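Under our numbering, residues 1 to 282 are what the sequence shown spells out, in order.
Where a beta carbon is used, it is the ideal one built from N, C-alpha and C, also for glycine.
Being a predicted model, the structure only gives us computed values, none of them experimental.
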Amino acid sequence: MVQNEQISLQFFASGYCEAYANVVNPISGKGKAKFYAVWALLFIPKIGYVMFDTGYNDEFKRATQGFPDRLYRWITPTFVKESEAAKSILAAKGIAANEIKYIIISHFHGDHISALKDFPQAQFLCTAESLAQAKSAKGFQAVKHGILTGLFPKDFWERVQSVESISNKIITSSEGIKEYYLFQNEHFRLTYLPGHARGMLGFIFDTDNRKIFYGTDAAWTYETYSKGILPRPIVKLLFDSWQDFIETQNKIRAFEKNHPGFEVLFTHCPKTLNFLADEIET
1 MVQNEQISLQ
11 FFASGYCEAY
21 ANVVNPISGK
31 GKAKFYAVWA
41 LLFIPKIGYV
51 MFDTGYNDEF
61 KRATQGFPDR
71 LYRWITPTFV
81 KESEAAKSIL
91 AAKGIAANEI
101 KYIIISHFHG
111 DHISALKDFP
121 QAQFLCTAES
131 LAQAKSAKGF
141 QAVKHGILTG
151 LFPKDFWERV
161 QSVESISNKI
171 ITSSEGIKEY
181 YLFQNEHFRL
191 TYLPGHARGM
201 LGFIFDTDNR
211 KIFYGTDAAW
221 TYETYSKGIL
231 PRPIVKLLFD
241 SWQDFIETQN
251 KIRAFEKNHP
261 GFEVLFTHCP
271 KTLNFLADEI
281 ET
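Encoded structure:
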């Protein structure tokens with residue numbers, strides 16, 4: 001697919017999992033909620049197509065057939081159609097899987113990396129600390145951290161790099177958020193958002209037309225984040241660091257206050273679904 005030479009951003013969703021709404025919002029949550037697996041596609045001049053996460057595909061079911069990985073499927077029942085997989089969505093847009101140059105892995109939970117095997121030419125990027133955890137976690141400990149090594153391509157370790165090693169600039173903002181500048185492009189930078197998962201990444205997309213702070217899983221809904229409503233304490237069993245989770249939300253609130261023109265979005269928030277398939281360019 002031919003692209004112009006402007007940076008662009010689109011959001012898509014590939015499947016969803018279900019969880020109880022009152023875990024996310026202990027005050028007003030009722031029944032079950034759908035957590036759509038949102039991912040982003042960027043076109044970056046002089047680089048090409050870059051994905052941020054991949055959403056679900058059928059590989060998730062294959063990777064969770066045996067124990068202890070099957071526990072992951074029981075905790076988060078997952079639903080995805082073949083036509084919803086990232087590879088299928090991109091093909092419908094005229095983009096072949098081998099055109100994806102990089103896949104940025106925000107963190108190693110299944111709803112963010114299930115389709116890695118569908119992109120055999122892509123290079124993978126993540127933080128050094130999330131990579132170290134993914135390499136060392138085994139058995140029940142890996143499941144506890146949401147890591148399914150069965151989702152990794154066979155040549156994963158040859159194709160992955162840390163964002164620290166390829167960043168052309170790393171700064172810490174006035175709000176205390178570490179930012180990684182990649183691809184020699186000032187309009188896009190990654191953000192370090194620990195807490196929910198080890199070394200988790202989000203991103204900032206900053207152009208004249210649209211300004212977005214994408215917080216990944218630093219919160220599950222904008223409503224709870226904006227009102228300071230924390231999920232039920234049971235999630236501490238699965239989070240990497242509860243204290244970091246709280247501190248990260250506080251830093252994002254400070255960023256939002258200091259940058260009123262930015263939209264703050266989170267992976268599973270219903271608000272984010274309003275942005276699906278809207279192409280955002282400079």
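Problem set entry | Alpha-carbon to alpha-carbon, E84 and K236 | Here the question's residue 236 lines up with position 236 in the sequence shown. Here the question's residue 84 lines up with position 84 in the sequence shown. C-alpha separation (whole angstroms): 31 Å.
For this session: Give, in chain order, every unbroken run of the alpha helix (DSSP H) that is at least 4 residues long and sits entirely within the segment 170-229.
Result: Here the runs fully enclosed are 222-227.
Exercise. Can you give the Cα-Cα distance for S14 and E99, rounded to whole angstroms?
Worked result: What you label residue 14 is simply residue 14 of the sequence shown in a count that begins at 1. What you label residue 99 is simply residue 99 of the sequence shown in a count that begins at 1. Roughly 19 Å between the two C-alpha positions.
For this session: Could you say which of L90, L71, P153 lies nearest to L238 if we only look at CA atoms?
Result: On the sequence shown, position 238 is the one that residue 238 refers to. Of the candidates L90, L71, P153, the one whose C-alpha sits nearest the C-alpha of L238 is L71.
For this session: Determine, using beta-carbon pairs with one atom in the segment 88-97 and one in the segment 135-145, whether at least three such pairs fall under 8 Å.
Result: Output reads no: the segment 135-145 does not touch the segment 88-97.
Exercise. Out of curiosity, what's the CA-to-CA distance linking L116 and P153?
Worked result: What you label residue 116 is simply residue 116 of the sequence shown in a count that begins at 1. What you label residue 153 is simply residue 153 of the sequence shown in a count that begins at 1. One Cα belongs to L116, the other to P153, and the distance between them is close to 7 Å.
Exercise. Tell me the DSSP bridge mates of T78?
Worked result: Numbered from 1 along the sequence shown, position 78 holds the residue referred to as residue 78. Answer is C17, bridged to T78.
Exercise. Using DSSP with H/G/I as helix, E/B as strand and the rest coil, what is A85?
Worked result: Residue mapping note: residue 85 aligns to position 85 of the sequence shown, counting from 1. In the structure shown, A85 sits in coil (DSSP, three-state: anything other than H, G, I, E or B).
For this session: Quick one: residues in its chain with C-beta nearer than 8 Å to the C-beta of D58, no 5 flanking neighbours on either side, listed in chain order?
Result: In the sequence shown, residue 58 corresponds to position 58, counting from 1. The beta carbon of D58 sits closer than 8 Å to those of V80, E82, A85, all from its chain and outside the five residues before and after it, given in chain order.
For this session: Taking G228 as the reference, give the member of Y214, D240, S241, F245 with the closest Cα.
Result: For the purposes of this step, residue 228 is taken as the residue at position 228 of the sequence shown. Of the listed residues, the one whose Cα sits closest to G228 is F245.
Exercise. Got a sec, what are the start and stop residues for the beta strand (DSSP E) K32 sits in?
Worked result: The sequence position of residue 32 within the sequence shown is 32, counting from 1. It spans 32-44 - the beta strand (DSSP E) in which K32 sits, taken as one unbroken run.
For this session: Reducing DSSP to helix, strand and coil, say where Q10 ends up.
Result: Numbered from its first residue, the sequence shown carries residue 10 at position 10. Of the three classes helix, strand and coil, the one that applies to Q10 here is strand, per DSSP.
Exercise. Between which two residues does the beta strand (DSSP E) harbouring L265 extend?
Worked result: As a first step, residue 265 must be located in the sequence shown, where it is residue number 265. That run of the beta strand (DSSP E) goes 263-265.
Exercise. Tell me which same chain residues have a C-beta within less than 8 Å of the C-beta of V292, skipping the five on either side of it?
Worked result: Lying before the first or after the last residue shown, residue 292 is absent from the chain, which here runs from 1 to 282.
For this session: Under the assumption that F205 contacts H187 (Cβ atoms under 8 Å), give the Cβ distance between them as a whole number of angstroms.
Result: Translated into positions along the sequence shown, residue 205 becomes position 205. Translated into positions along the sequence shown, residue 187 becomes position 187. Taking a contact as a CB-CB distance under 8 Å, the pair F205 and H187 counts as one, their CB atoms being some 7 Å apart.
Exercise. Just how far apart, CA to CA, sit E281 and T207?
Worked result: Mapped onto the sequence shown, residue 281 falls at position 281. Mapped onto the sequence shown, residue 207 falls at position 207. Reliability fails at E281, whose pLDDT of 48 lies under 50, so the model's placement of it is uncertain and the value that follows must be treated cautiously. Each residue's Cα considered, the two are about 8 Å apart.
Exercise. Under 9 Å between the Cβ atoms of D126 and G199?
Worked result: On the sequence shown, position 126 is the one that residue 126 refers to. On the sequence shown, position 199 is the one that residue 199 refers to. Note that residue 126 corresponds to Cys in the displayed sequence, not to Asp. With contacts defined as CB atoms closer than 9 Å, C126 and G199 qualify as a contacting pair.
Exercise. Secondary structure at Y72, three-state DSSP: helix, strand or coil?
Worked result: Indexing the sequence shown from 1 puts residue 72 at position 72. Here Y72 sits in helix by DSSP.
Problem set entry | Among A97, T248, Y36, the one whose alpha carbon lies nearest that of I77 | As a working mapping, residue 77 is identified with position 77 in the sequence shown. Correcting the residue identity first, residue 77 is Pro in this sequence and not Ile. Residue Y36 is the option with its Cα nearest to P77.
For this session: Output yes or no for whether 9 Å exceeds the beta carbon distance between L190 and V163.
Result: Position 190 of the sequence shown holds residue 190. Position 163 of the sequence shown holds residue 163. By the CB criterion at 9 Å, L190 and V163 fall inside the cutoff.
Problem set entry | K32, buried or exposed, once every other Cβ within 10 Å from all chains shown has been counted against 16 | Locating residue 32 in the sequence shown gives position 32, counting from the first residue. It is exposed - the Cβ of K32 has fewer than 16 other Cβ atoms within 10 Å.
Exercise. Thinking C-beta only, is I177 closer than 9 Å to L193?
Worked result: Within the sequence shown, residue 193 is the residue found at index 193, counting from 1. Within the sequence shown, residue 177 is the residue found at index 177, counting from 1. With contacts defined by Cβ atoms closer than 9 Å, L193 and I177 form a contacting pair.
For this session: Go to L125, then tell me how far its beta strand (DSSP E) extends in each direction, as first and last residue.
Result: As a first step, residue 125 must be located in the sequence shown, where it is residue number 125. Its beta strand (DSSP E) spans residues 123-126.
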